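Trainee: Protein sequence lines correspond, in order, to chains A and B. Each residue of the first sequence is one higher than the last, beginning at 0 in numbering that gives the first Met the number 0. Each residue of the second sequence is one higher than the last, beginning at 0 in numbering that gives the first Met the number 0. Beta carbons: idealized from backbone N, C-alpha and C, even for Gly. Keep in mind that this is a model prediction, so the values were computed, not measured.
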Amino acid sequence: MEQLTLPKEKLPELLGEIGSKFELVGPIEENGFLAFRKINDPKEINLDILLSRVPPKSLIFQQTETLFTYAKGKDSKVQTPKIEETKRVIFGIRSCDARGFDIIDPVFMGKKEGDYTDPFYTKRRNRSILIGLSCNEPDANCFCTSFDDSPANTKHVDILFTDIGDKYYVEVVTEKGEDLIKKVSKIFSKATEKEGNIRKETEKAAIDAISRKMNTEGVVEKLDKMFEHEFWVETARSCIGCGICTYLCPCCHCFDIQDESTLKLGGRVRVWDSCMYEEYTHHASGHNPRPSRMNRVRNRVYHKFNYFPKNDGIFGCTGCGRCIDYCPVNIDIIEVIDKVKEVNV
Amino acid sequence: MTDENPYQPWIAKIISIKEEASGERAIKTFRLEFQDEEVKKKFTFLPGQCIMVSVFGTGESMFAISSSPTQKDYIEVSVMRYGKLTKALHLKEEGELVGARGPYGNSFKLEEWKGKNILFLGGGIGQAPLRSVIDYCKDNRKDYGKIDIVYGARTSRDLCYKDEFAEMSKKDDLSIHLSIDVEEEGWDQFVGFVPDNLKRLNPSPENTIAITCGPPIMIKFVIQNLLELGFKEDQVYTTLEMRMKCGIGICGRCNIGNLYVCKDGPVFSYDQIKDIQGDM
Ligand SMILES: Cc1cc2nc3c(=O)[nH]c(=O)nc-3n(C[C@H](O)[C@H](O)[C@H](O)COP(=O)(O)OP(=O)(O)OC[C@H]3O[C@@H](n4cnc5c(N)ncnc54)[C@H](O)[C@@H]3O)c2cc1C
Ligand code: SF4
Ligand code: SF4
Ligand code: SF4
Ligand code: FES
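In structure tokens, the structure reads:
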């Protein structure tokens with residue numbers, strides 16, 4: 000892995016150069032929240048706020064997507080929209096959000112021979128070059144370290160930037176990353192051993208700064224035994240079913256499919272959906288397998304901490320803390336899992 | 000369903016429509032033919048598998064393929080009128096175009112069951128996937144032992160495939176036991192629920208596979224009665240239904256516990272689902 004450094008004041012120049020060769024996406028402040036947007040001027044980029052409100056999952060699994068269009072009338076000519084495939088650079092993604100892709104990749108891109116793959120997700124995933132940015136000052140509800148992750152993990156990105164004072168320490172992780180660096184390499188210097196050590200210490204300090212921990216040991220087995228427990232009624236009591244915890248989760252992948260049409264042209268569109276809604280499982284016959292909040296809150300927790308592990312060998316949570324930060328009634332997933340462990344069965 | 004885009008349906012023409020049941024819960028069987036010759040040639044499926052049918056501008060819904068794969072020229076779906084999409088389908092006329100993609104899901108293990116007796120227990124529209132299996136068994140009659148079909152609906156108006164049953168009962172290579180829920184003038188067969196008809200018939204579990212499809216409440220009591228009759232959990236098969244969107248294991252909609260009905264089902268042995276941690 001190539002180790003480089005970049006003086007901090009050169010970042011706009013680098014991003015300008017990247018932006019002139021590729022589509023560049025990065026975090027900007029918008030209405031008081033951080034959001035990933037196409038960058039026209041590198042000065043717009045905001046690296047002070049840690050996490051975007053909507054996770055960058057939305058860049059690859061878009062909130063709305065036209066799956067195909069059809070001509071109305073007799074011939075029903077059906078067409079798939081063209082998906083852009085030229086390379087795109089996503090700058091400033093945090094470890095947990097990058098890891099979110101690793102968790103949902105198998106859902107959209109298939110696990111084994113014969114699985115269906117989603118072309119929209121797959122093409123956008125393949126065209127994206129992820130430049131991560133280590134978190135030196137984690138937020139109060141960050142707990143990525145509970146999943147063997149680190150705020151400065153190189154594993155989920157193509158290139159990782161770490162702020163080491165007056166410079167960025169730059170690790171080039173993948174071939175995709177190398178190709179990009181080759182095209183803009185002139186402004187980097189080789190990193191020294193001393194700089195490497197600062198980078199390691201920075202990571203360690205960040206890990207130490209994470210105060211929250213989810214104790215996931217044995218949770219899969221425990222959940223196996225408490226599906227029918229009244230604990231779920233208790234836990235769901237304050238939930239208002241707003242769906243925020245799922246919309247803002249980098250690991251939630253559920254969507255709805257709907258037809259939208261004008262007089263001449265129609266399209267089948269998919270939009271993010273949430274298992275926290277009553278409608279979600281409501282059959283046309285009137286039957287609903289998850290009629291109450293209890294069923295829905297339980298499904299969310301089971302999907303992340305029992306079904307995901309059973310199907311994919313991984314928890315459906317990165318520890319980003321968004322669901323804790325934004326839940327209007329303060330349902331806290333770390334506390335829920337703590338309480339799961341205390342339930343007597 | 001092109002190689003490029005699994006969400007994009009092929010175009011299929013409705014070549015004929017048969018009214019199976021009338022009234023509030025009308026059922027029609029639509030015979031569909033893919034318009035693209037390549038697709039028509041390539042499309043294969045196994046009994047139990049499903050297909051997503053589209054009405055452009057309205058949406059799409061999942062249906063069991065009710066025809067047998069031994070019939071290669073067309074596929075059929077039997078559709079009960081329920082919500083938006085099924086209403087729109089019921090308004091379609093012969094010659095009109097719809098979309099279809101699939102086939103999806105697993106199937107009944109008909110290869111494995113060669114040499115066995117097969118007991119079908121259907122209720123209402125639940126007979127649709129069973130019809131595919133029955134027609135398949137009829138076309139491969141020597142491969143299977145005794146075949147019993149137990150089928151019921153609320154009233155005689157709600158019974159599907161009546162003419163086909165009448166045709167089948169002319170031959171003596173399978174037995175048909177129909178029922179309706181309440182007494183009706185002119186009805187000379189069993190009156191009562193399918194689980195009761197099953198009890199009355201008292202079939203032997205020996206070398207027999209039981210397949211049941213229908214409303215959840217019927218399935219529940221049918222399975223209970225089968226177990227009482229001595230059927231083992233792995234001799235009993237059913238299909239499960241959940242709301243579906245993608246049909247291909249991605250949208251997350253159709254899970255019962257960690258299983259996705261669209262991908263891991265819709266066919267399950269009772270063995271597989273009896274302890275499942277999920278809402279149905
Ligand atoms: C594996 C499987 C096989 C099926 N086979 C048949 C069959 O052979 N014949 C038949 O008449 N019906 C069958 N159904 C049920 C059929 O899909 C629903 O009855 C139908 O989708 C609901 O009516 P609608 O589409 O008019 O509802 P709408 O009002 O159009 O429904 C809105 C949306 O919800 C979905 N939806 C609502 N209820 C259900 C439901 N019960 N199951 C699945 N999706 C639902 C629809 O796909 C649609 O996208 C099957 C369902 C499944 C899951
Ligand atoms: S469950 Fe909550 S903490 Fe975990 S990844 Fe989703 S939003 Fe983040
Ligand atoms: S938690 Fe709910 S919305 Fe999120 S992926 Fe799981 S089923 Fe879908
Ligand atoms: S954010 Fe909180 S209130 Fe809203 S659905 Fe999730 S748990 Fe319920
Ligand atoms: S219908 Fe989408 S996962 Fe089953």
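1. Taking any Cβ of chain B, which residues in the stretch 63-97 of chain A have a Cβ under 7 Å from it, in chain order?
2. Could you tell me how far apart the beta carbons of residue 204(A) and residue 168(A) are, in whole angstroms, since I believe they sit closer than 8 Å?
3. Could you check whether the Cβ of residue 164(B) sits closer than 7 Å to any heavy atom belonging to ligand 1?
4. For ligand 5, any of its heavy atoms closer than 7 Å to the Cβ of residue 256(B)?
5. Starting from residue 218(A), trace the beta strand (DSSP E) in both directions and tell me its first and last residue.
6. Taking the alpha-carbon positions, what's the residue 76(A) to residue 148(B) distance?
7. Considering only their Cβ atoms, is the gap separating residue 89(B) from residue 27(B) smaller than 8 Å?
8. Report all residues for which the CB-ligand distance to some heavy atom of ligand 2 is below 6 Å; order them along the chain.
9. With 16 other CB atoms within 10 Å as the buried threshold, where does residue 223(B) fall?
10. Tell me which residues of the stretch 273-296 of chain A have at least one Cβ-Cβ distance to chain B shorter than 8 Å, keeping chain order.
11. Quick one, which of 322(A), 332(A), 263(A), 59(A) has its alpha-carbon nearest residue 71(A)'s?
12. Since residue 182(B) and residue 193(B) are thought to touch, with beta carbons under 8 Å apart, how far apart are those beta carbons, to the nearest angstrom?
13. Can you pull the chain A neighbours of residue 254(B), defined as C-beta to C-beta under 8 Å?
14. Go to residue 329(A), then tell me how far its alpha helix (DSSP H) extends in each direction, as first and last residue.
15. Of all the beta strand (DSSP E) runs that stay within the bounds of the stretch 87-164 of chain A, which reach a length of 3 or more residues?
16. Which term fits residue 7(B), buried or exposed, when burial requires 16 or more other beta carbons within 10 angstroms of its beta carbon?
17. State the start and end residues of the unbroken alpha helix (DSSP H) segment that holds residue 215(B).
18. Give a yes or no on whether 8 Å exceeds the smallest Cβ distance from residue 159(B) to chain A.
19. Roughly how many angstroms separate the alpha carbons of residue 51(A) and residue 243(A), rounded to a whole number?
20. What do you reckon, is the C-beta of residue 87(A) under 7 Å from a heavy atom of ligand 3?
21. Determine the contact status of residue 230(B) and residue 204(B), defining contact as a CB-CB distance below 8 Å.
22. Determine the DSSP secondary structure at residue 230(B), reduced to helix, strand or coil.
23. Could you tell me which of 162(A), 267(A), 95(A), 13(A) sits nearest to residue 46(A), measuring between CA atoms?
24. How long is the line joining the alpha carbons of residue 140(A) and residue 254(A), rounded to whole angstroms?
25. Please name the residue or residues paired with residue 35(A) in a DSSP beta bridge.
26. For residue 130(A) and residue 86(A), which I take to be in contact (beta-carbon distance under 8 Å), what is that distance rounded to the nearest angstrom?
27. Under 7 Å Cβ to Cβ from residue 156(A), same chain only, skipping five residues before and after it: list those, please.
28. Round the Cβ separation of residue 66(A) and residue 269(A) to the nearest angstrom and send it over; I've been treating them as touching at under 8 Å.
29. State the beta-bridge partners of residue 152(B) as determined by DSSP.
30. Could you give the DSSP three-state label for residue 271(B): helix, strand or coil?
31. Spatial neighbours of residue 253(B) within its chain, please: C-beta separation below 6 Å, excluding the five flanking residues on both sides.
32. Go through the stretch 217-287 of chain A residue by residue and report every complete run of the beta strand (DSSP E) that reaches 3 residues or more, in order.
33. Bridge partners for residue 118(B) per DSSP, in chain order?
34. Give the single residue among 228(A), 108(A), 221(A), 197(A) whose Cα lies nearest to the Cα of residue 151(A).
35. Alpha carbon to alpha carbon, what distance is there between residue 109(B) and residue 280(B)?
36. Hey, is residue 260(B) close to ligand 5, as in C-beta under 7 Å from one of its heavy atoms?
Mentor: On the basis of the data shown:
1. Taking 7 Å as the cut-off between beta carbons, the residues of the stretch 63-97 of chain A near chain B are 66, 67, 69, 71, 75, 77, 79, in sequence order.
2. Going by Cβ atoms, the distance from residue 204(A) to residue 168(A) rounds to 14 Å, so no, they are not a contact pair.
3. False, no ligand heavy atom lies under 7 Å from that Cβ.
4. Not under cutoff, so the answer is no.
5. Residue 218(A): not part of any beta strand (DSSP E); member of the alpha helix (DSSP H) spanning 218-223, first to last residue.
6. If you take the alpha carbons of residue 76(A) and residue 148(B), they lie about 42 Å apart.
7. The answer is yes: Cβ separation under 8 Å.
8. With the cut-off at 6 Å, the residues found are 247(A), 248(A), 249(A), 250(A), 303(A), 316(A), 317(A), 318(A), 319(A), 320(A), 321(A), 322(A), 332(A).
9. Exposed.
10. Of all residues in the stretch 273-296 of chain A, only 274, 279, 280, 281, 282, 283, 284, 286, 288, 289, 294 come within less than 8 Å of chain B when Cβ atoms are compared, listed by chain position.
11. Ranking 322(A), 332(A), 263(A), 59(A) by Cα distance to residue 71(A) puts 263(A) first.
12. Not really, about 16 Å apart at Cβ, beyond 8 Å.
13. The contact set of residue 254(B) on chain A, defined by CB atoms closer than 8 Å, consists of 298, 302, 306 in chain order.
14. Going by DSSP, residue 329(A) is part of no alpha helix (DSSP H) at all; its letter is neither H nor E.
15. Assignment of beta strand (DSSP E) within the stretch 87-164 of chain A, counting only whole runs of 3 or more residues, yields 87-92, 127-132, 158-162 in chain order.
16. Counting other Cβ atoms within 10 Å of its Cβ, residue 7(B) reaches 16 or more and is therefore classed as buried.
17. From DSSP, the alpha helix (DSSP H) with residue 215(B) extends over 215-227.
18. Taking 8 Å as the CB threshold, residue 159(B) stays off the interface with chain A.
19. Each residue's Cα considered, the two are about 14 Å apart.
20. Checking every heavy atom of ligand 3 against the Cβ of residue 87(A), none is found closer than 7 Å.
21. Taking 8 Å as the Cβ cut-off, residue 230(B) and residue 204(B) qualify as a contacting pair.
22. DSSP, reduced to helix, strand and coil, places residue 230(B) outside both helices and strands of the structure shown, so it counts as coil.
23. Relative to the Cα of residue 46(A), the nearest Cα in the group 162(A), 267(A), 95(A), 13(A) belongs to 162(A).
24. The straight-line gap from Cα to Cα measures roughly 27 Å.
25. The partner list for residue 35(A) (beta bridge, DSSP) reads 26(A).
26. With 8 Å as the limit, residue 130(A) and residue 86(A) do not qualify as a contact, their Cβ atoms being about 12 Å apart.
27. Taken in chain order, the residues that qualify are 92, 97, 129, 130, 131, 172.
28. Yes, residue 66(A) and residue 269(A) are in contact; Cβ-Cβ is about 6 Å, under 8 Å.
29. Looking at the DSSP assignment, residue 152(B) forms a beta bridge with 179(B).
30. Helix.
31. The residues are 241, 243, 259, 260, 261.
32. If one requires a minimum length of 3 residues, the beta strand (DSSP E) runs lying completely within the stretch 217-287 of chain A are 254-260, 264-271, in chain order.
33. Partner(s): 147(B), 209(B).
34. Minimum Cα distance to residue 151(A) is reached at 197(A).
35. Because chain B spans 0 through 279 in this model, residue 280(B) falls outside it and cannot be assessed.
36. Relative to ligand 5, residue 260(B) has its C-beta within less than 7 Å of a heavy atom.
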